[in-house]
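Everything below concerns the one structure shown next.
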């Protein structure tokens, strides 16, 4: 017996798009991180260093 | 009239054309290039001797990598301004450099204007972190 499931194509596409957006935000998965994101990371790191010191 | 003191910069990069490019960027920013070399081992020795205000350090280099040189310099000079230069911007490389104490990070494929902007932004954040 072959089971048939019905899929909502639009919903699937939305979920795929959401996953892609999440992955873009996740630096740990990045293979080629844009300069803007790296600069932001570095500046935040400097701020944290200052906060720890004060 | 008192002249603004130039920032003393050292450049470590094994590719000649990239070093020339970085020199052009730095010279256009009221900085003085006090030293340059093409490997991590010489970078550590030269840094101890020259003690520049700013170090631009490539990651992939012969003899000793930029990461190793960064760790060694950082150990003795905890407050130095060190910007890593690289073509590799994967998360592991970036995170490693942050852990080892890099102050900034520049992708070598950036246009000159953008490189200048990143150096300025990072320098400003660095100065502020010391206050």
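Protein chains in written order, with this note's numbering: chain A, 1 to 54; chain B, 1001 to 1131.
By construction, the Cβ of each residue, glycine as well, lies at the ideal position given by its N, Cα and C atoms.
- The C-beta of residue 1095 of chain B has fewer than 16 other C-beta atoms within 10 Å across all chains shown, which makes the residue exposed.
- Around the CB of residue 7 of chain A, fewer than 16 other CB atoms lie within 10 Å, so the residue is classed as exposed.
- Scanning its chain for C-beta atoms nearer than 7 Å, with the 5 sequence neighbours on each side dropped, one finds around residue 1122 of chain B the residues 1083, 1103 and 1104, in chain order.
- By a beta-carbon distance limit of 8 Å, residue 1040 of chain B contacts residue 1061 of chain B. Their separation comes to about 5 Å.
- Sixteen is the threshold: since fewer than 16 other Cβ atoms of the shown chains lie within 10 Å of the Cβ of residue 1051 of chain B, the residue is exposed.
- Listed by position along chain A, the residues whose Cβ is nearer than 8 Å to that of residue 1081 of chain B form an empty set, because the closest Cβ is around 10 Å away.
- Inter-segment contact for the region 1106-1119 of chain B and the region 1075-1092 of chain B is present: three or more beta-carbon pairs are separated by less than 8 Å.
- Sorting B:1131, B:1015, B:1056 and B:1049 by C-alpha distance to the C-alpha of residue 1116 of chain B places B:1056 at the top.
- A straight line joining the alpha-carbon of residue 1030 of chain B with that of residue 1023 of chain B spans about 12 Å.
- Scanning its chain for C-beta atoms nearer than 7 Å, with the 5 sequence neighbours on each side dropped, one finds around residue 1013 of chain B the residues 1019, 1022, 1038, 1058 and 1085, in chain order.
- A Cβ-Cβ distance of about 18 Å is found for the pair residue 35 of chain A and residue 1026 of chain B, leaving them out of contact under the 8 Å criterion.
- Interface with chain B (7 Å Cβ-Cβ cutoff): residue 38 of chain A is included.
- Residue 1074 of chain B and residue 1067 of chain B have their C-alpha atoms roughly 10 Å apart.
- Residue state for residue 1080 of chain B is assigned as coil, using DSSP reduced to three classes.
- Nearest in C-alpha terms to residue 1008 of chain B, of all of B:1028, B:1016 and B:1033, is B:1033.
- For residue 52 of chain A, not one C-beta of chain B is nearer than 7 Å to its own C-beta.
- If you look at residue 1040 of chain B, you'll find it in the alpha helix (DSSP H) that goes 1040-1050.
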